[in-house]
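I have placed the structure first, in the form of structure tokens, so that the comments after it can refer back to it.
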Amino acid sequence: ELERGFAAEEISASEFAVEMRALWVELTAELVAEVVADAPWIDGIEDVCLDIAERGERSMLITMSPDFFAQHLGDRGIDIVHASQWPAPPFAAPIDPAGILSPADKVRLTEAERAAHGLPRRACVAYGDSMSDLPLFAVLDNTVAVNADTALERAARVAYRGEDLRVAYAHGRA
Numbered sequence: 310e311l312e313r314g315f316a317a318e319e320i321s322a323s324e325f326a327v328e329m330r331a332l333w334v335e336l337t338a339e340l341v342a343e344v345v346a347d348a349p350w351i352d353g354i355e356d357v358c359l360d361i362a363e364r365g366e367r368s369m370l371i372t373m374s375p376d377f378f379a380q381h382l383g384d385r386g387i388d389i390v391h392a393s394q395w396p397a398p399p400f401a402a403p404i405d406p407a408g409i410l411s412p413a414d415k416v417r418l419t420e421a422e423r424a425a426h427g428l429p430r431r432a433c434v435a436y437g438d439s440m441s442d443l444p445l446f447a448v449l450d451n452t453v454a455v456n457a458d459t460a461l462e463r464a465a466r467v468a469y470r471g472e473d474l475r476v477a478y479a480h481g482r483a
């Protein structure tokens, strides 16, 4: 119901986070690490990140997911991870709505990183999978929808469906 409400824009990202925190009262850092380790990730994340690094470029993940989850992706080779700021599990503090990212933050954070490195927009490639990536796809020309919903596929320069990020990455580099 929360996913549906968020997708229908009936609740904000911060309202979604507050409700999720209430559902996850027994969550621990150990359980998060176990879930990350057992999750079915798309193949080739490490290879793609290594290729990006070897080219002298930087990879960046911007996710509305909690930071205690997303930080684990840095272990897979992603250079910069931006995520919604949550208290560490088990939760002793409430959610600060100001720390929860929104779709517009994906644009803001990308633009800040791009400007800090003097990169033109055409030098950036965005890969996305959900409606929260639509604002970013609206400002960048080089976009790849990966196993995405139809709205994002329509907004993307290229769409990829499959289980190998290396293939999606090759589309983005082309």
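First residue of the sequence shown? That's 310 in the working numbering, and the numbers climb one at a time after it. Ideal Cβ placement from N, Cα and C applies to all residues, glycine included. Because the structure is a prediction, the values reported are computed rather than measured.
Cross-strand partners of residue i (DSSP beta bridge)
i: Val455; result: Tyr469
i: Asp352; result: Asp473
Per-residue DSSP class, three states only, for residue i
i: Thr372; result: strand
i: Ala435; result: strand
i: Val345; result: helix
i: Val390; result: strand
i: Val327; result: helix
i: Gly314; result: helix
i: Ile361; result: helix
i: Thr419; result: helix
i: Arg463; result: helix
i: Leu336; result: coil
i: Phe400; result: coil
i: Leu443; result: helix
i: Ala483; result: coil
Residue burial classification, residue i (beta-carbon count within 10 angstroms, cutoff 16)
i: Thr337; result: exposed
i: Asp442; result: buried
i: His391; result: buried
i: Ser375; result: Strictly speaking, residue 375 in this sequence is Pro, with Ser absent from that position. Classification for Pro375: buried.
Test item: CB-CB of residue i and residue j under 7 Å
i: Gly437; j: Leu461; result: yes
i: Asp388; j: Ser368; result: yes
i: Leu445; j: Val416; result: yes
i: Glu355; j: Arg385; result: yes
i: Ala465; j: Leu449; result: no
i: Arg470; j: Asn456; result: yes
i: Gly408; j: Gln394; result: yes
i: Leu410; j: Met373; result: yes
C-beta neighbour in chain B for residue i, strict 7 Å
i: Ala316; result: Although the question refers to chain B, the structure presented lacks it and comprises just one protein chain.
Does the pairing of the segment 386-403 with the segment 320-331 give three or more beta-carbon distances under 8 Å?
The answer is yes - the segment 320-331 touches the segment 386-403, with three or more Cβ pairs under 8 Å.
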